[in-house]
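These notes are about the structure you will find just below.
In our numbering, the protein residues as written are 1 to 259.
Here's what the structure looks like:
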């Protein structure tokens, strides 16, 4: 039940992932040959439900790509189902309060950290995985250690209480969403504005000071390199849809215009 993404970050290796918005088992299978370290199946903006998410997680497991899921909201059922089907990291959008993150930990982590409901579902090999056969305490400890929780900092409210959020036992890192964060600050997409830069620097400092991991989204290869070189542990580069369309656009233009 080893979490490959966690292992890479512990070893200070750069981790690169992408959002799955187009989806499908064949898409994830193909991306397994790309060199990606992780994927985020986007239940917030994507069209996926639990069953289709499970199929993509199965393929990711076979491809040695860490399957992460961005959930729609913080609810016991929502979090529990994604973990039971095999999500190895939960990304949580639109966080505004410390209490929301406490609920996330309570629903996602087993005793003694949280109150996650006990079931030997798919991730536990339906009870036949090695960790599930060595007693509940061992199983709880293993799963708690290998399940990553990344609340998103994409609202001004979460930025204001970021020090309290990262101090919580059970929070492994923070996913910074620069587009929503800039919008929440009243400067949509203006990453050079003073208020965005001050807020961004404050958030990154709080994450680093707490010894937690920083994950961040970007559409740009150049920014992805910059973030990794300046302290990000994991970068989410674009999405399956955007990379596919951009590649076809470039190649079609080259085919039509190169002599």
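Yeah, the Cβ is synthetic: ideal placement off N, Cα and C, and Gly gets one too.
Check your understanding: Is residue 219 helix, strand or coil by DSSP?
Key -> coil
Review point. For residue 40, which residues does DSSP report across the bridge?
Key: 19 and 68
Exercise for review: Please go through the same chain and pick out, in chain order, the residues whose beta-carbon is closer than 7 Å to the beta-carbon of residue 46, but skip the five residues on each side of it.
Suggested key: Excluding sequence neighbours, residue 46 sits near 20, 21 and 23.
Review point. Per DSSP, which one or two residues make a beta bridge with residue 237?
Key: 218
Review point. Apart from the five residues on each side of it in sequence, which residues of its chain come closer than 7 Å, Cβ to Cβ, to residue 6?
Key: 146 and 148
**Study point:** residue 104, buried or exposed, once every other Cβ within 10 Å from all chains shown has been counted against 16
**Key:** Around the Cβ of residue 104, a 10 Å sphere holds 16 or more other Cβ atoms; the residue is buried.
**Study point:** Counted within 10 angstroms of its Cβ, other Cβ atoms place residue 247 as buried (16 or more) or exposed
**Key:** It is exposed - the Cβ of residue 247 has fewer than 16 other Cβ atoms within 10 Å.
Review point. Going by other Cβ atoms of all chains shown within 10 Å of its Cβ, with 16 needed for buried, is residue 17 buried or exposed?
Key: buried
Review point. Out of curiosity, what's the CA-to-CA distance linking residue 215 and residue 128?
Key: 33 Å
Check your understanding: Should residue 114 be labelled buried (16 or more other beta-carbon atoms within 10 Å of its own) or exposed?
Key -> buried
**Study point:** Nearest-angstrom Cα separation, counted from residue 177 out to residue 192
**Key:** 15 Å
Exercise for review: Ignore the nearest five residues each way along the sequence and tell me which others in residue 44's own chain have a CB closer than 8 Å to its CB.
Suggested key: 70, 71, 72 and 93
Point to revise | Where residue 82 falls, given that 16 or more other Cβ within 10 Å makes a residue buried | key: buried
Check your understanding: If we count the other Cβ atoms within 10 Å of its Cβ and call it buried at 16 or more, is residue 245 buried or exposed?
Key -> exposed
**Study point:** Boundaries (first-last residue) of the alpha helix (DSSP H) holding residue 196
**Key:** 194-209
Check your understanding: Smallest Cα separation from residue 338: which of 227, 32, 100 and 15?
Key -> Residue 338 is absent from the model: the chain starts at 1 and stops at 259.
Exercise for review: Output yes or no for whether 7 Å exceeds the beta carbon distance between residue 60 and residue 39.
Suggested key: Yes, Cβ-Cβ distance for residue 60 and residue 39 is below 7 Å.
Review point. Distance, Cα to Cα, residue 198 vs residue 144?
Key: 34 Å
Review point. Can you find at least 3 beta carbon pairs, one from the stretch 218-225 and one from the stretch 234-241, that sit closer than 8 Å?
Key: Contact between the stretch 218-225 and the stretch 234-241 is present: three or more C-beta pairs spanning the two stretches fall below 8 Å.
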